[in-house]
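This report concerns only the one structure given below.
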Amino acid sequence: MKINNEREKKLVISSLVQLLYYKKVISFQDSLNLLKKIRAKKAERMLEILYNNKKFREHISIEEKNIRFWLSNTAWKLKMRREMTSVLEKACHVAAFFALKLKEDQSIDVVYANSYSSEALSLMLSIYSDVNYFSIGPEYDISSPENLLVPVVLGFETNLEIERREEIPYFGVNLLYKVSEVKRKMGLVYKIYCKIMQKKDLEKRFCNDYEKRLLKRTIERPSIFSIKRWQKICIKSIHSLNKELENTFNEVKEKELGLEEEAPTPLASSITWLLNRKSLEETIDVITKIPIAQEDFDISRQPMYG
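As structure tokens, then:
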């Protein structure tokens, strides 16, 4: 399976240009020109161009021999966070459906304790914590220039990972575990959903056997899969979850997310978080188009690389 993440790779390279501009290594116009080239050329080619410049290379702590690994690893993490955000968006629609069903019942106290709707809603809220683990939190102030360099921030841990390539890829293992848990919980939600909608329960929905099998193999033999293999495994796993959500809850996927005032507080908070998160994703793309700086901002004091 090929990992198609050129968009994420270009975002990572753009963050490098932003870093050089912040450090006043290059001018505004030079930064603008480089960002234009990034949009026109392959990301890996632009990475070579940056590293071939000795002046640039001195300000990047990833060694040249590791740059391809660093690029693919950081871009993969960006892709995983985007994919998990997509999962959360679909889960929000399902949770909104159950919240509305809950409000329709007359005896709200009894319902909240015993109904299928309440049980499903509780499961949905627990799914948010599973998904949010892989997302940059709402405490990020997107007006702060250093926080626009999200790919650079995600690259912090890469130096350490390069030194530990032969060990268990913790990000991949944790992600697979989270996807497995979301599938397990969504399977329970699905059974409740079928009873509410009076639909036939297709028992194989949200099966997490694939994830459980691979996790077991990893525990038994920690170095059985390479980093690249883990990337493909995680992509496949998340894509299967996304597909299941689309196919299973297609009747509720168009529900509006504007339930902040009507929904239970935890659900309302999750919906608000999602809308803010999507806005952050759009804002991040700005760094691929224009250099962004803050007057007297001293990035040299920030441990941004390694």
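In our numbering, the protein residues as written are 4 to 309. Backbone N, C-alpha and C define an ideal beta-carbon position, used for all residues, glycine too.
Around the Cβ of residue i, are there at least 16 other Cβ atoms within 10 angstroms (buried) or fewer (exposed)?
{"i": "K292", "result": "exposed"}
{"i": "Q201", "result": "exposed"}
{"i": "R42", "result": "exposed"}
{"i": "R84", "result": "buried"}
{"i": "V15", "result": "buried"}
{"i": "N8", "result": "buried"}
{"i": "P225", "result": "exposed"}
{"i": "Y24", "result": "buried"}
{"i": "K203", "result": "exposed"}
{"i": "E298", "result": "Bear in mind that a pLDDT of 46 at E298, under 50, signals an unreliable position, so the number given afterwards is only what the model happens to contain. Exposed: under 16 other Cβ atoms inside 10 Å."}
{"i": "R32", "result": "For the record, residue 32 in the displayed sequence is Gln; it is not Arg. That one is exposed."}
Among the options, whose alpha-carbon lies nearest the alpha-carbon of residue i?
{"i": "E47", "options": "K13, Q32, C95 and F101", "result": "K13"}
{"i": "S64", "options": "I274, C237 and I165", "result": "I165"}
{"i": "V182", "options": "V192, C210, L81 and K39", "result": "C210"}
{"i": "S132", "options": "N36, E122, K188 and K82", "result": "K188"}
{"i": "S34", "options": "E11, F59 and S226", "result": "F59"}
{"i": "E206", "options": "E86, N8 and T251", "result": "T251"}
{"i": "W79", "options": "A271, G175 and S129", "result": "G175"}
{"i": "E254", "options": "T268, E223 and I199", "result": "I199"}
{"i": "E11", "options": "C197, M127, N76 and E122", "result": "N76"}
{"i": "A102", "options": "L128, K26 and R216", "result": "L128"}
{"i": "R208", "options": "L217, E223, L218 and C197", "result": "C197"}
{"i": "P172", "options": "I222, D212 and V134", "result": "I222"}
{"i": "K57", "options": "S125, I29 and L81", "result": "I29"}
{"i": "L74", "options": "P294, L19 and I287", "result": "L19"}
{"i": "Q310", "options": "S272, L81 and K219", "result": "With the chain represented from 4 up to 309, any question about residue 310 goes unanswered, as that position is not in the structure."}
Once you ignore the five residues that flank residue i on each side, which residues in its own chain have a CB closer than 8 Å to its CB?
{"i": "E214", "result": "L179, Y180, V182, S183, K186 and S240"}
{"i": "Y119", "result": "I195, K198 and I199"}
{"i": "P294", "result": "V20, Q21, Y24, F31, S34, L35 and L38"}
If I measure Cβ to Cβ from residue i and keep anything under 7 Å in the same chain, skipping five residues before and after, which residues do I get?
{"i": "S17", "result": "L38, I41, I290 and T291"}
{"i": "C237", "result": "M83, G175, L178 and L179"}
{"i": "E122", "result": "I195"}
{"i": "K104", "result": "S120 and I199"}
{"i": "L217", "result": "L179 and I236"}
Looking only at its chain, what residues have a beta carbon closer than 6 Å to the beta carbon of residue i, apart from the 5 residues adjacent to it on each side?
{"i": "N177", "result": "none"}
{"i": "I130", "result": "A94, V185 and K188"}
{"i": "E86", "result": "I241"}
The region 77-92 in contact with the region 241-254 per 3-pair CB rule at 8 Å: yes
Inter-stretch contact (C-beta, 8 Å, three-pair minimum) for the region 45-53 and the region 70-86: yes
Within the region 57-94, ranges of the alpha helix (DSSP H) (whole runs, at least 4 residues): 57-60
4 or more residues per run - each alpha helix (DSSP H) lying fully within the region 13-52: 31-43
Runs of alpha helix (DSSP H) lying entirely within the region 200-259, each at least 4 residues, in chain order: 212-223 and 230-251
Meets three-Cβ-pair contact criterion under 8 Å: the region 225-233 and the region 180-194: no
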